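Taking it in order: structure first as structure tokens, then the write-up.
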Amino acid sequence: MHRAVQQSSAAPIATTQNEDPMKLRRSVTQLVATMACTTLSQAAMAHESPHSGGIQTKTTAAVKAPYDIVHTKITSEGNQAVFHMHVSGKAGANKPTKTGKLAGSTVFSYVWPTSLDSSLVGFEPKAGILAFAVTSHPDFDDTPLFDENGDGNPGNDGGLWHSHWVVLQPDEVCGKGALKVVDIPEGAKPKLPKTWPGLPLLIDSPGWTPLFKGGTVQVKVPFDDIGAVNTAGFDGVTAALRVNASLHNPLLCVENVFKVASGDLSLPGKVK
Numbered sequence: 002m003h004r005a006v007q008q009s010s011a012a013p014i015a016t017t018q019n020e021d022p023m024k025l026r027r028s029v030t031q032l033v034a035t036m037a038c039t040t041l042s043q044a045a046m047a048h049e050s051p052h053s054g055g056i057q058t059k060t061t062a063a064v065k066a067p068y069d070i071v072h073t074k075i076t077s078e079g080n081q082a083v084f085h086m087h088v089s090g091k092a093g094a095n096k097p098t099k100t101g102k103l104a105g106s107t108v109f110s111y112v113w114p115t116s117l118d119s120s121l122v123g124f125e126p127k128a129g130i131l132a133f134a135v136t137s138h139p140d141f142d143d144t145p146l147f148d149e150n151g152d153g154n155p156g157n158d159g160g161l162w163h164s165h166w167v168v169l170q171p172d173e174v175c176g177k178g179a180l181k182v183v184d185i186p187e188g189a190k191p192k193l194p195k196t197w198p199g200l201p202l203l204i205d206s207p208g209w210t211p212l213f214k215g216g217t218v219q220v221k222v223p224f225d226d227i228g229a230v231n232t233a234g235f236d237g238v239t240a241a242l243r244v245n246a247s248l249h250n251p252l253l254c255v256e257n258v259f260k261v262a263s264g265d266l267s268l269p270g271k272v273k
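According to my numbering, the sequence shown holds residues 2 to 273 in order.
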């Protein structure tokens with residue numbers, strides 16, 4: 002025991018010739034116990050899986066592996082929310098086929114529907130379901146403020162994965178029980194985020210870069226009020242959206258849901 006304490010980087014225990022031996026033993030015991038607790042705590046943190054917590058979902062053979070959700074979570078780090086989704090295959094490996102025209106084109110997406118109020122990111126209050134999305138759509142670009150491929154043209158990189166806030170509502174025109182990105186009627190002037198891309202939709206293009214690694218897609222998003230995020234519920238969805246062939250209301254429908262993490266869009270996830 003004495004040798005173990007000497008090898009530790011902790012400060013040595015000062016002793017005197019007349020010090021009570023029982024008191025010395027208690028001090029040594031307390032020091033060793035503290036060191037053991039610290040070591041165990043550090044080991045637990047080191048071995049904590051990045052895919053722990055959140056919503057765990059079984060693999061589904063009928064869903065393409067890049068969209069087969071197995072884990073969804075949102076955590077907070079300081080003033081940032083970390084949106085995390087893990088799939089059974091390689092995340093982002095499969096993208097829509099380019100058609101050469103906007104009408105009828107397809108959007109593939111990884112989506113985190115939340116219970117957050119739409120006003121938190123700059124829309125009107127209670128405008129619908131506020132969702133964070135990572136999307137790819139090679140037939141159009143909706144991030145006019147950002148040049149994702151770095152070629153000097155900010156209008157030609159919609160096919161690269163990028164992020165959005167969208168507000169969703171049900172619309173039977175999109176299909177029974179289907180959702181759409183909320184349209185902005187002609188002449189209406191709702192409150193919109195500063196990075197709204199100019200489309201007649203409740204959509205924001207904030208420019209937060211998604212990171213793909215193996216089966217994981219992850220995005221860090223800063224908030225002025227992280228407290229609202231910490232009390233939110235969330236879910237995970239992979240889906241294809243369709244631009245209406247006539248470009249009329251609704252403009253953007255959720256056409257094909259690949260998978261819902263909870264199975265029923267009940268937003269059971271809690272921010273860690």
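Each residue gets a CB set at the ideal place from its N, CA and C atoms; glycine is no exception. Fair warning: this is a prediction, and the values are worked out from it, not measured in the lab.
- Query: Would you report the Cα separation of residue 65 and residue 120, rounded to the nearest angstrom?
  - Reply: Straight-line Cα distance between these residues: approximately 34 Å.
- Message: For residue 209 and residue 166, I'd like the C-alpha separation in whole angstroms.
- Response: Distance between residue 209 and residue 166, taken at the CA atoms: about 10 Å.
- Message: For the beta strand (DSSP E) containing residue 70, name the first residue and the last one.
- Response: Start and end: 70 to 78.
- Taking the C-alpha atoms as reference points, what is the distance between residue 256 and residue 82? Rounded to whole angstroms, the separation of the alpha carbons of residue 82 and residue 256 is 28 Å.
- Item | Continuous alpha helix (DSSP H) stretch holding residue 122: start and end | No alpha helix (DSSP H) contains residue 122, which DSSP labels as neither H nor E.
- Would you tell me roughly how many angstroms separate the C-alpha atoms of residue 216 and residue 61, rounded to the nearest one? When rounded, the distance between both Cα atoms is 15 Å.
- Item | Boundaries of the alpha helix (DSSP H) in which residue 231 is found, first to last residue | DSSP places residue 231 in the uninterrupted alpha helix (DSSP H) bounded by 227 to 231.
- Determine the burial state of residue 56: buried for a count of at least 16 other Cβ atoms within 10 Å of its Cβ, exposed for fewer. So residue 56 counts as buried.
- Query: Along the chain, where does the beta strand (DSSP E) that runs through residue 130 open and close?
  - Reply: Where residue 130 is concerned, the enclosing beta strand (DSSP E) stretches over 130 to 137.
- Task: Less than 8 Å between the CB atoms is what I'm expecting for residue 117 and residue 229, so what's the real figure, rounded?
- Result: Correct: roughly 6 Å between the Cβ atoms.
- Query: Do the CB positions of residue 193 and residue 129 come within less than 8 Å of each other?
  - Reply: Contact: no.
- Query: Cβ atoms of residue 182 and residue 253: under 8 Å apart, would you say?
  - Reply: Yes, these two residues count as a Cβ contact at 8 Å.
- Query: Which full runs of the alpha helix (DSSP H) of 4+ residues lie inside the stretch 198 to 270, going along the chain?
  - Reply: Listed in chain order, they are 227 to 231.
- Boundaries (first-last residue) of the beta strand (DSSP E) holding residue 82: Counting along the chain, the beta strand (DSSP E) containing residue 82 begins and ends at 81 to 88.
- In the DSSP assignment, find the beta strand (DSSP E) that holds residue 169 and state where it starts and stops. Residue 169: member of the beta strand (DSSP E) spanning 163 to 171, first to last residue.
- Does the beta-carbon of residue 260 have 16 or more other beta-carbons within 10 angstroms, so that it is buried, or is it exposed? Buried is the call here.
- Message: Taking the straight line between their C-alpha atoms, what separation do you get for residue 266 and residue 234?
- Response: Answer to the nearest angstrom: the Cα atoms are 11 Å apart.
- Do the stretch 132 to 148 and the stretch 193 to 204 touch if we need at least three Cβ pairs shorter than 8 Å? As far as the Cβ criterion goes, the stretch 132 to 148 touches the stretch 193 to 204, which means the pair count is three or higher.
- Task: Examine chain C for any beta-carbon lying closer than 8 Å to the beta-carbon of residue 173, and answer yes or no.
- Result: Reference to chain C is not applicable here, since this structure consists of a single protein chain.
- Could you tell me which residues DSSP puts in a beta bridge with residue 184? Paired residue(s): 202.
- Who are the near neighbours of residue 241 in its chain, counting only those whose CB is closer than 6 Å to its CB and skipping five residues on each side? Taken in chain order, the residues that qualify are 107, 109, 256, 257.
- Query: Secondary structure at residue 108, three-state DSSP: helix, strand or coil?
  - Reply: Looking at residue 108 - three-state DSSP - the assignment turns out to be strand.
- Message: To the nearest angstrom, how far is the alpha carbon of residue 188 from that of residue 134?
- Response: Residue 188 and residue 134: Cα-Cα distance of roughly 27 Å.
- Message: Among 177, 247, 148, 127, whose alpha-carbon lies nearest the alpha-carbon of residue 191?
- Response: Ranking the options by Cα distance to residue 191, first place goes to 127.
- Through-space distance from residue 87 to residue 251, alpha-carbon basis: Computed Cα separation, rounded: 30 Å.
- Query: Which class does residue 145 belong to by DSSP, given the choice of helix, strand or coil?
  - Reply: Note: residue 145 maps to coil in three-state DSSP.
- Message: Going by DSSP in three states, residue 13 sits in which element: helix, strand or coil?
- Response: Bear in mind that the predicted position of residue 13 carries a pLDDT of just 42, short of 50, making it unreliable; the figure below should be weighed with that in mind. For residue 13, the three-state secondary structure derived from DSSP is coil.
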